[in-house]
Amino acid sequence: MPQSPPSPYLTRHTRPERPARRLVCFPHAGGVANFYRPWGQYVDPSVELLAVQYPGRENRFREPLVPAMDPLVSAIAGELLTLPSLPTVLFGHSMGAAVAYETLLRLEQAGAAHDVTRLCVSGRSPDGRPGPLARTDDEVIAAVSSLGGTNAAVFSDPDLRELVLPAIGNDYRLINDYRRRSDAPMLRTAVHALTGDRDPQVTPDEAAGWRAVTSGPFNLTVLRGDHFYLVPAAEEVARISMEPAQSLPA
144 MPQSPPSPYL
154 TRHTRPERPA
164 RRLVCFPHAG
174 GVANFYRPWG
184 QYVDPSVELL
194 AVQYPGRENR
204 FREPLVPAMD
214 PLVSAIAGEL
224 LTLPSLPTVL
234 FGHSMGAAVA
244 YETLLRLEQA
254 GAAHDVTRLC
264 VSGRSPDGRP
274 GPLARTDDEV
284 IAAVSSLGGT
294 NAAVFSDPDL
304 RELVLPAIGN
314 DYRLINDYRR
324 RSDAPMLRTA
334 VHALTGDRDP
344 QVTPDEAAGW
354 RAVTSGPFNL
364 TVLRGDHFYL
374 VPAAEEVARI
384 SMEPAQSLPA
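Okay, so the sequence shown: first residue is 144 according to this note's numbering, each after it adds one.
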């Protein structure tokens, strides 16, 4: 089977000779494609693991940031449409959950979502929870630090802080400005919501609200941890994401 073509939006973390399935991961606000690199050791060798790389970071550092949801997801959907056909799972964490959802909407609207077998949405409710405005650098730093995770540690290094703050600030403004359309069409794809039991951004009941966005099967998994529960639980989350839909608990 041909390998997926190179793409600035898609970073390939595994290269199976004969891929049987595909997992596409969407990072959180300020996140990077390499956040999902460790998952390569947890997925089956036949899984092609791809991670979305938003502009303005890592290998795309010199590219302009994308400040709004619509152009971002339109570009990502366009890249996914160029991939060879494979059963595909979309996984997004926090802001990435909204980006993955909106990307899938565009794939379904284009009549090209038949390959997507499941949408996994992590650390976010379908409509989000109003958070701090986080418009200034200090507000962004306070918001990120309150959630922990891999971004918070870089703020103690002035050089790293200067490098990462533009992307983090851009993403916080993007997701704060984003509103899910009340008239959005119902998804037909199975949806699996995951969250930490101590996530200050979303309760398990709020995560269960994703049930209302699809006419397909729905599952909810609550794991121990805070907003970045998936860092220590990476192996379990990667495994859950790729389980056959019919084997998931009701």
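We put the CB at the ideal spot given by N, CA and C, even for glycine.
Per-residue burial, residue i [other beta carbons within 10 Å of its own, 16 or more giving buried]
i, result
"Asn-313", "buried"
"Glu-378", "exposed"
"Phe-204", "exposed"
"Arg-158", "exposed"
"Gln-196", "buried"
"Thr-332", "buried"
"Asn-202", "exposed"
"Pro-162", "buried"
"Ala-240", "buried"
Three-way DSSP call (helix, strand, coil) for residue i in this model
i, result
"Val-242", "helix"
"Val-307", "helix"
"Ser-299", "helix"
"Gly-183", "helix"
"Val-345", "coil"
"Ala-218", "helix"
"Ser-398", "No statement about residue 398 is possible, as the shown extent of the chain runs from 144 to 393 and does not include it."
"Val-283", "helix"
"Val-107", "One cannot answer for residue 107 here, as it falls past the ends of the chain, which runs 144 to 393."
"Leu-330", "strand"
"Glu-191", "strand"
"Ala-255", "coil"
Distance between beta carbons of residue j and residue i, contact taken as under 8 Å
i, j, result
"Leu-208", "Ala-286", "Going by Cβ atoms, the distance from Leu-208 to Ala-286 rounds to 17 Å, so no, they are not a contact pair."
"Val-167", "Leu-262", "Not really, about 10 Å apart at Cβ, beyond 8 Å."
"Glu-251", "Leu-366", "28 Å between Cβ atoms; not a contact."
Within 7 Å, strictly: CB atoms of residue i and residue j
i, j, result
"Thr-154", "Ala-176", "yes"
"Ala-220", "Arg-200", "no"
"Thr-364", "Ile-383", "yes"
"Ser-288", "Gly-352", "no"
"Glu-160", "Met-212", "no"
"Ser-237", "Gly-266", "yes"
"Ala-327", "Ala-350", "no"
"Tyr-179", "Glu-222", "no"
"Val-216", "Val-186", "no"
7 Å Cβ cutoff, residue i in contact with chain B
i, result
"Arg-354", "The structure shown contains no chain B; it is built from a single protein chain."
### Query
Can at least three beta-carbon pairs, one atom from the stretch 332 to 346 and one from the stretch 362 to 370, be found at a separation below 8 Å?
Yes: the two stretches touch, three or more of their Cβ pairs being nearer than 8 Å.
### Query
Taking contact to mean at least 3 C-beta pairs separated by less than 8 Å, is the stretch 244 to 262 in contact with the stretch 184 to 194?
Not touching, per the Cβ criterion.
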